[in-house]
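S.K.: Numbering (my numbering), first residue to last: 1 to 230.
This is the structure in structure tokens:
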């Protein structure tokens, strides 16, 4: 693993000359993960990160909520049934991702039957339909988070219909209007229309109701309602 630099040092280092790998799409880091080695790796790579208190998951990238677990934590969360509750909560977001860090298959070392572990992995993939990413360590996890943010940046303009000259259907016209708001991309616009059915219903919705559906993060919700009120 690479040595983590002293981020508080005033001496310039090679990594301080790096450009941000994900300048447009922030990696939202739960405030409880501030002191983690993953955060240190993200800072070392000059990633665009923000700290917010997340009620669900450890990281939020665009519309994907990410829960990260080490193998021991994964086992303990199976035993105390915490994992099932967390997976259900994650489904409130449009997209979900479970990262299993330092995963290994020495089942005998843990006080749980090996089929219980296999069964949970199958349940995550089939019942909850949540993708699982296996990472080697904290640095590897940070690299996956950055890559996910970069993928969103690449697809941000590819899927939008705001550059389309002719909008053929009412649904496309509604999506076009929503994508004009800061922070609302094509995926969020489609999900909002599916949830509320019409622009009128969206514009009548309260900030509290917006927070409950988990389509936009708190910062985007504030900007959305700020524009509606001005």
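Cβ coordinates follow ideal geometry from the N, Cα and C atoms, glycine included. Being a predicted model, the structure only gives us computed values, none of them experimental.
Mind the definition here: the stretch 166-185 touches the stretch 197-207 only if three or more C-beta pairs lie below 8 Å; say whether that holds.
M.R.: yes
S.K.: Considering only their Cβ atoms, is the gap separating residue 133 from residue 144 smaller than 7 Å?
M.R.: yes
S.K.: Going straight from the alpha carbon of residue 101 to that of residue 183, what length do you get?
M.R.: 30 Å
S.K.: Hey, how far is the Cα of residue 20 from the Cα of residue 146?
M.R.: 10 Å
S.K.: Pairs of beta-carbons, one from the stretch 107-117 and one from the stretch 81-92, closer than 8 Å: are there three or more?
M.R.: no
S.K.: Specify whether the stretch 68-75 and the stretch 41-50 touch according to this definition: at least 3 beta carbon pairs, one from each stretch, less than 8 Å apart.
M.R.: no
S.K.: Is there a Cβ of chain C sitting closer than 7 Å to that of residue 98, yes or no?
M.R.: Annotation note: the requested chain C is absent from the structure, which comprises a single protein chain.
S.K.: Could you name the residues of the same chain whose beta carbon sits closer than 6 Å to that of residue 93, not counting the 5 residues immediately before and after it, in chain order?
M.R.: 65, 214
S.K.: Leaving out five residues on either side along the sequence, give the residues of the same chain with a beta carbon under 8 Å from the beta carbon of residue 223.
M.R.: 181, 182, 183
S.K.: Distance check for residue 96 and residue 86, CA to CA, integer angstroms please.
M.R.: 11 Å
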